[in-house]
Amino acid sequence: MATFADRLGDALHAKGWSAQDLVRAVQQGGHRMTKSYLSQLLAGNKDNPNLELLRALAQLLDVSVGWLAGDDVPRERPAAGQGGTDILSGAELAADYVLLSEPSRRSIGHMVRLARRAEARPTPRRPPTPAHQDHIGGGTHPFPFIQVQQLHHLTVETGNLLGQRLHTLRTATATSLGEAAAALALTEQDIIDLERGDRAISEAELGHLLTLYDISSAEQRALICEVARGEHTEAWWLPTYFATTPPWFAPMLAAEADARVIRTYGAESVPPLLQTEAYARAARQAAHYPDRAPEQVEVAVRVVMDRQIEPIERQSAKVWAIIRETALLDMPGDPDVQVEQLNHLIDLAKQDHITLRINGRHGDRYQPRGGSFTILQRLGKANLVYVTGLFEDQLITKPEFVDEYLVAHLRLDLSAEPRERTVELLSSIRRHIASP
30 MATFADRLGD ALHAKGWSAQ DLVRAVQQGG HRMTKSYLSQ LLAGNKDNPN LELLRALAQL
90 LDVSVGWLAG DDVPRERPAA GQGGTDILSG AELAADYVLL SEPSRRSIGH MVRLARRAEA
150 RPTPRRPPTP AHQDHIGGGT HPFPFIQVQQ LHHLTVETGN LLGQRLHTLR TATATSLGEA
210 AAALALTEQD IIDLERGDRA ISEAELGHLL TLYDISSAEQ RALICEVARG EHTEAWWLPT
270 YFATTPPWFA PMLAAEADAR VIRTYGAESV PPLLQTEAYA RAARQAAHYP DRAPEQVEVA
330 VRVVMDRQIE PIERQSAKVW AIIRETALLD MPGDPDVQVE QLNHLIDLAK QDHITLRING
390 RHGDRYQPRG GSFTILQRLG KANLVYVTGL FEDQLITKPE FVDEYLVAHL RLDLSAEPRE
450 RTVELLSSIR RHIASP
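Sequential numbering from 30 applies to the sequence shown in the working numbering.
Written as structure tokens, this is what we have:
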């Protein structure tokens, strides 16, 4: 069977477009894609895109989704008005299914069950739904099952982000419609209307619901209220991650997007903004060991890759990274993954907007207490720090604490090897890993 990369290159050539033409068309259609990402897709170095992007590519290139995905189906897109004469491939059906409303999905499920009975096919056994686990070893870090389920199975309605956020918060806290209605002296239908975006919500009502849903962090509450007031409309993270990620995560994404200088320290691993996709996947799999947790892993990898687009690929921020040498000598993944990550770091170290230093393992070295951290310096706003945690990352806002992290990063910079030696050190580690 042909690969996705083969089909994509063939369709692009037949269309007479350059890679930049396709990237521009994809972005104009409201999807996120960079030329670098497309180049890796064409080279076969990236996994196939998600179904929504696959569907957009197929439409722009005038080919069927199934053919582009590598299925043995006709290349041509079904003509409009053919109605019941078409048989959709599995990829096409899945691509359309994720964009349908919940009632439409239920109807499709009902028809599939009827067809299965008519053809005397057995009903497939469903794996048990995992319990909502938050403890270590449960395979849920960094996103609990309910939140992973929301990320994978919700169709984000960009005109109703606040309603969806309230729905996911209520679901995650197992709050019933009746309990939410009682807190506001409303009816259950009023809560349904709020979550559907059919009823406006007052600031007081929003505050009561956030308290009911255990949102106590000032930063988390402030961000949700800002979105309710119509702010952040141009933010890259708003349509994809605001309504469905854990509530502690969106404020970090918002602060990172506002940052003009990002200072980061990787004590145990390569900082996420500098990770390759393969390294990010291996790191998440290691964090879940011995559980496989594929959905949680893929959600985390997708977030890491999306976070890199603005500061790294589009150079929206100056990045000042210091990595502990031992983190590079004990990386997750096989040697190929490790060498690819080192090659990526070497390339990044040569870019003007990135300063990359290695804090060596020999001699007198500054090693701050605690683990990895990132400082976000924003224009016209207070600096923030987020610290990696087992279950959730901690956002630090108190100026006196933020200042201590700034001092720690400056000490690390004094302790680290000179910037001129970064490529040399990375190359030496690469030779060590690549040698038999």
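Here a beta-carbon is modelled for each residue, glycine too, at the ideal position from N, C-alpha and C.
Q | Sub-8 Å separation of Ile351 and Tyr294 beta-carbons | A | yes
**Asked** Taking the runs of the beta strand (DSSP E) that are 3 residues or longer, which of them lie wholly in the region 389–423?
**Response** 402–407, 413–416
Burial state of Ala378, where buried means 16 or more other Cβ atoms lie within 10 Å
buried
Sequence-distant residues of the same chain with beta carbon closer than 6 Å to His373, five excluded per side
Thr305
I need the boundaries of the beta strand (DSSP E) containing Tyr294, first residue and last residue.
First-last of the beta strand (DSSP E) with Tyr294: 288–295.
Item checked: Span of the beta strand (DSSP E) around Lys75 -> Neither: Lys75 is in no beta strand (DSSP E) and is coded neither H nor E.
- the region 356–363 / the region 424–435 touching (three or more Cβ pairs under 8 Å): no
Exercise. Is it right to say His317 is buried, meaning 16 or more other beta carbons lie within 10 angstroms of its own, or is it exposed?
Worked result: buried
**Study point:** Identity of the residues DSSP links to Ile425 by a beta bridge
**Key:** Val414
- Spatial neighbours of His182 within its chain, please: CB distance less than 7 Å, with the 5 preceding and 5 following residues excluded, ordered by chain position. Per-residue confidence for His182 stands at a pLDDT of 44, beneath the threshold of 50, marking its modelled position as unreliable; the derived number appears in the next sentence. So the list is empty, once near-sequence residues are dropped.
_Using the Cβ count rule (16 or more neighbours within 10 Å means buried), how would you classify Ser401?_
With a 10 Å radius around the Cβ and a threshold of 16 neighbouring Cβ atoms, Ser401 comes out buried.
Out of curiosity, what's the CA-to-CA distance linking Leu358 and Ser298?
Here the alpha carbon of Leu358 sits roughly 10 Å from the alpha carbon of Ser298.
Review point. Taking buried to mean at least 16 other C-beta atoms within 10 Å of its own C-beta, is His438 buried or exposed?
Key: Taking a 10 Å sphere around the C-beta of His438, we find 16 or more other C-beta atoms and assign the residue as buried.
Provide the residue span of the beta strand (DSSP E) that contains Arg353, from first to last. 347–353
**Message:** Checking the sheet assignment: what are the DSSP bridge partners for Leu190?
**Reply:** Answer by DSSP bridge pairing: none, since Leu190 is not bridged.
Looking only at its chain, what residues have a beta carbon closer than 8 Å to the beta carbon of Val52, apart from the 5 residues adjacent to it on each side? Sequence-distant Cβ neighbours of Val52 in its own chain, meaning closer than 8 Å and more than five residues away, are Met62, Thr63, Lys64, Leu67.
TODO: Identify every residue that forms a DSSP beta bridge with Thr384.
DONE: DSSP lists Trp349 as partners of Thr384.
query = Is it a yes or a no for the region 408–428 touching the region 273–293, going by three-plus beta-carbon pairs under 8 Å?
reply = The region 408–428, when compared against the region 273–293, does touch it at the 8 Å Cβ threshold.
Pull up the CB-CB distance for Ala40 and Val92, whole angstroms please, since I reckon it's below 8 Å. 5 Å
*Hey, would you say Ala296 sits closer than 8 Å to Arg353, going by beta carbons?*
Yes, Cβ-Cβ distance for Ala296 and Arg353 is below 8 Å.
Task: Rounded separation between Leu385 and Pro276 - CA only - done: 31 Å
Review point. Quick one: what's got a C-beta closer than 7 Å to Arg313's C-beta in the same chain, skipping five residues either side?
Key: Val326, Ala329, Val330
request  = Under 7 Å Cβ to Cβ from Asp442, same chain only, skipping five residues before and after it: list those, please.
outcome  = Ile351, Arg386
* To do: Rounded to whole angstroms, what's the CA-CA distance from Thr355 to Gly392? Just pull it up for me.
  => 13 Å
Practice item. Below 8 Å on the Cβ atoms is my guess for Leu238 versus Cys254; work out the distance and round it to an integer in Å. Key: In fact, because the Cβ distance is near 11 Å, the residues do not count as touching under 8 Å.
> Which whole-angstrom value is the C-beta distance of Ala279 and Leu252, which I expect to be below 8 Å?
Replying inline: 6 Å
Self-check item: Local conformation of Gln56 per DSSP, three classes
Solution: helix
ask   = Looking at Ala437 and the ligand FMN, is the gap between the Cβ and the nearest heavy atom below 7 Å?
value = With respect to small molecules bound, the structure shown includes none, and the ligand FMN cannot be examined in it.
> Assuming Val290 and Trp349 make a contact with CB atoms under 8 Å, what is their CB distance in whole Å?
Replying inline: About 7 Å separates the beta carbons of Val290 and Trp349, which is inside the 8 Å limit, making them a contact pair.
N- and C-terminal bounds of the alpha helix (DSSP H) containing Pro364: 364–378
Quick check on Leu90: buried or exposed, where buried means 16 or more other Cβ atoms within 10 Å of its Cβ? buried
| said: Counting only beta-carbon separations shorter than 8 Å, does Leu191 have a partner in chain D? | reply: Absent from the structure is chain D; it holds one protein chain and no more.
| Taking the alpha-carbon positions, what's the Ser345 to Leu213 distance? | 42 Å
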